[in-house]
Amino acid sequence: MKKSIKQCISSAKETGSAMQWVLVALLSVIVVSLVFSITKIGIRYWQARSQVSSLQKDIIDISKEQNNIQNKLNSQKDPAFLELEAREKFNYQLPGEHVFVFLESTSSLALEKNNLKDKIIFWAGKLGENPKNWAKYFFGVN
38 MKKSIKQCIS SAKETGSAMQ WVLVALLSVI VVSLVFSITK IGIRYWQARS
88 QVSSLQKDII DISKEQNNIQ NKLNSQKDPA FLELEAREKF NYQLPGEHVF
138 VFLESTSSLA LEKNNLKDKI IFWAGKLGEN PKNWAKYFFG VN
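Numbered continuously in the numbering used here, the sequence shown closes out at residue 179.
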């Protein structure tokens with residue numbers, strides 16, 4: 038079973054060619070996997086950057102909202118603001134003031150029908166206590 042030199046060379050060429058194909062296939066698989074890995078990393082990087090940008094915008098918005106709330110809180114400590122809120126929301130008056138109520142509608146039926154009870158305008162002047170002044174105004178009682 039002796040082989041000739043030509044047969045040995047041709048079999049070596051075939052074996053080398055097969056090894057080259059295996060090597061090319063292996064390198065191709067490695068390159069493709071690297072491309073996919075790099076692409077995946079790039080996509081994750083881009084998503085992280087967009088998320089960071091979105092969170093930075095949220096931080097700016099929340100900071101503005103925090104400043105607005107802090108300003109409102111600081112203004113509520115002001116006695117003038119507290120007095121104004123008490124007058125507008127609770128219809129309070131200072132001692133010695135007289136409150137006049139002006140209705141936007143002249144008819145009380147229209148007032149009830151149109152639900153304008155909330156649209157009463159209050160004006161406070163320094164004339165005395167409110168219940169006594171109402172009694173004076175409507176009934177002429179001192």
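Glycine included, C-beta positions come from ideal geometry on N, C-alpha and C.
Per DSSP, residue 116 is one residue of the alpha helix (DSSP H) stretching across 116-127. Residue 59 and residue 68 have their C-alpha atoms roughly 14 Å apart.
The alpha-carbon of residue 126 is positioned some 43 Å away from that of residue 90. Residue burial is scored here from C-beta neighbours: residue 88 has fewer than 16 other C-beta atoms within 10 angstroms and is therefore classed as exposed.
The three-state reading of DSSP puts residue 130 in coil, since its state is none of H, G, I, E or B.
DSSP, reduced to helix, strand and coil, places residue 177 outside both helices and strands of the structure shown, so it counts as coil.
Burial check for residue 57: the Cβ neighbour count within 10 Å stays below 16, so the residue is exposed. Rounded to whole angstroms, residue 135 and residue 128 show a C-alpha spacing of 11 Å.
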